[in-house]
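Enquirer: The structure that follows is given in the form of structure tokens.
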Amino acid sequence: MALTDTQLRNAKPTEKDYTITDGQGLSILITSKGAKGWRFRYRHLGKPKLISFGTYPEVSLQQARARRDQARALVAEGKDPGEARKEAKTLAKLQALNTFEAIANEWHALHNKSKSERHQQRVKRWLEFYLYPSLGQKAVSSITAPMVLETTSVLQKQNKLETAHRVIQTAGQVFRYAIQKGFATYNPAPDLKGALPPPVVKNMAAMIEPKDFADLLRSIDGYTGTLTVQCALKLAPLLFQRIGELRHMKWADLDFENNEWRYLVTKTKTQHIVPLSTQAIAIIEKMRPFSGHGMYVFPGGRTHERPMSENAINAALRNMGYDTQAEITGHGFRAVAQTLGEQELGLDPKHIERQLAHSVANPLGTAYERAQFLKDRKIMMQRWADYIDELKKGASVLPFKQA
Numbered sequence: 049m050a051l052t053d054t055q056l057r058n059a060k061p062t063e064k065d066y067t068i069t070d071g072q073g074l075s076i077l078i079t080s081k082g083a084k085g086w087r088f089r090y091r092h093l094g095k096p097k098l099i100s101f102g103t104y105p106e107v108s109l110q111q112a113r114a115r116r117d118q119a120r121a122l123v124a125e126g127k128d129p130g131e132a133r134k135e136a137k138t139l140a141k142l143q144a145l146n147t148f149e150a151i152a153n154e155w156h157a158l159h160n161k162s163k164s165e166r167h168q169q170r171v172k173r174w175l176e177f178y179l180y181p182s183l184g185q186k187a188v189s190s191i192t193a194p195m196v197l198e199t200t201s202v203l204q205k206q207n208k209l210e211t212a213h214r215v216i217q218t219a220g221q222v223f224r225y226a227i228q229k230g231f232a233t234y235n236p237a238p239d240l241k242g243a244l245p246p247p248v249v250k251n252m253a254a255m256i257e258p259k260d261f262a263d264l265l266r267s268i269d270g271y272t273g274t275l276t277v278q279c280a281l282k283l284a285p286l287l288f289q290r291i292g293e294l295r296h297m298k299w300a301d302l303d304f305e306n307n308e309w310r311y312l313v314t315k316t317k318t319q320h321i322v323p324l325s326t327q328a329i330a331i332i333e334k335m336r337p338f339s340g341h342g343m344y345v346f347p348g349g350r351t352h353e354r355p356m357s358e359n360a361i362n363a364a365l366r367n368m369g370y371d372t373q374a375e376i377t378g379h380g381f382r383a384v385a386q387t388l389g390e391q392e393l394g395l396d397p398k399h400i401e402r403q404l405a406h407s408v409a410n411p412l413g414t415a416y417e418r419a420q421f422l423k424d425r426k427i428m429m430q431r432w433a434d435y436i437d438e439l440k441k442g443a444s445v446l447p448f449k450q451a
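In this text, residue positions in the sequence shown follow this note's numbering: the first is 49, and each later residue adds one.
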């Protein structure tokens, strides 16, 4: 006879466990301690089997019968309900490991450990603030392009388009890692090309706070890219020149006897002399074994017959976690030197302008004036290089008074 809820509620424990049958393999075990557990008996491949369906009243009589019917259907198909349950649990565990958040955390730990602390924190923030809330617990293979785009909706409303683009780029990197590990077969991020408006291009970004500049300098010292980019990146803050001119620095234009770099300014088509500090010379010398036999100090990665890529410096800054739209660009080092040189060190604006290769009143002057300017600029550039060293150490620097 089929069980009723009244029978189940009134079933009392005895000294020994006993079973009450409901039918079609379903029964309930009443233990001596009063627990009431659902059981289902069946045969698979000629062998008797037993699985549990939970306890009463947490699992109601109606629910237990539904589970029995599902199990009987599997038996009718020649399947083992017990094995099917184990497979379902294993799949659930795998799905928990294959969530976007789990894979993203694994990717972040592996692929960002060589990056600066600042970069690691920024990427982690993009993941936690924008991607995890809606995608974190979803199986990575189930995520679509519209789902990824939706994570940037708040940023779009706030007109933070640069960050929105970075969030999608980060998601794309996670999906590429998931594909490599066999957790996914599709990366939705490339399908979002053109879905976001381009970020508003601002004036060349530059940082004007000594503390921020010091942090950047320390990040540059810790950068682990190619030797060419490492050295160019370290040299850029020491000079006041355009990145395009730095890229095209030639060994033939360097005067190591007088510690000078002489080249034609592309923008003004005039000859320019750049005094080189001892720190700048040391960085350039590091490149000699690598590129000294060629034309360019900083050659391209594919051939030494061409200079390094025009995007290499900004790409390195982005890899270090800096926003090249809002914080710093390679070109921005000129603005940093101009601002901090005058405000923090008290450098003569005329000397700074000449070092920047800007047009100045009476640009030639007398031979004596040109020689004096060069002498003063040599002092200025060494002072600037020493200031950079002190900033990296975290020391306070007193203004430099011009004679």
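Backbone N, C-alpha and C fix where the C-beta goes; we use that ideal spot for every residue, glycine too.
As the structure is a computational prediction, the values presented were derived from the model and not from experiment.
1) Among N58, R336, L275 and T272, which residue has its Cα nearest to the Cα of A300?
2) Output the distance between the C-alpha atoms of A51 and F223, rounded to the nearest integer angstrom.
3) Do you know how far the Cα of T69 is from the Cα of L98?
4) Count the other CB atoms, across all protein chains shown, that sit within 10 Å of the CB of R194; report buried if there are 16 or more and exposed otherwise.
5) Classify T318 as helix, strand or coil using the three-state DSSP reduction.
6) Quick one: any contact between the segment 276-286 and the segment 376-391, if contact means 3 or more CB pairs under 8 Å?
7) For H92, which beta-bridge partners are listed by DSSP?
8) Per DSSP, which residues does P323 bridge with? Please list them.
9) Could you check whether L265 and K461 sit closer than 8 Å to each other, using their CB atoms as the reference points?
10) Within the same chain, show all residues whose beta-carbon is closer than 8 Å to that of Y234, passing over the 5 residues directly before and after it, in chain order.
11) Is G349 near T274, with beta carbons less than 8 Å apart?
12) Which residue marks the beginning of the alpha helix (DSSP H) containing D70, and which one marks its end?
13) Assess, as a yes-or-no matter, whether the segment 311-326 is touched by the segment 341-360 under the definition of 3 or more beta carbon pairs within less than 8 Å.
14) If we call anything under 8 Å between Cβ atoms a contact, is Y180 one with E149?
15) Quick test of the definition: if touching needs 3 or more C-beta pairs under 8 Å, does the segment 200-209 touch the segment 163-176?
16) Might you give, ordered along the chain, the residues of its own chain that have their beta carbon closer than 6 Å to the beta carbon of A119, omitting 5 neighbours on each side?
17) Go ahead and pull the three-state DSSP assignment for I78.
18) What residue does the alpha helix (DSSP H) around R366 start on, and which one ends it?
19) Helix, strand or coil: how does DSSP classify P236 here?
20) For G394, count neighbouring C-beta atoms within 10 Å of its own C-beta (all shown protein chains included) and say buried if the count is 16 or more, exposed if not.
21) Look at E358 and G292 and say whether their C-beta atoms are less than 8 Å apart.
22) Locate the alpha helix (DSSP H) running through N153, then write down its first and last residues.
Expert: The structure says:
1) R336
2) What sits at residue 51 in the sequence shown is Leu, not Ala. In a straight line, the C-alpha of L51 is about 52 Å away from that of F223.
3) 14 Å
4) Correcting the residue identity first, residue 194 is Pro in this sequence and not Arg. Classification for P194: exposed.
5) coil
6) yes
7) K95
8) E308
9) What is shown of the chain runs 49 to 451, which leaves residue 461 out entirely.
10) S189, F223 and I227
11) yes
12) It is not in any alpha helix (DSSP H) - D70 instead sits in the beta strand (DSSP E) that spans Y66 to G71.
13) no
14) yes
15) no
16) F88 and P129
17) strand
18) A360 to N367
19) coil
20) exposed
21) yes
22) F148 to H159
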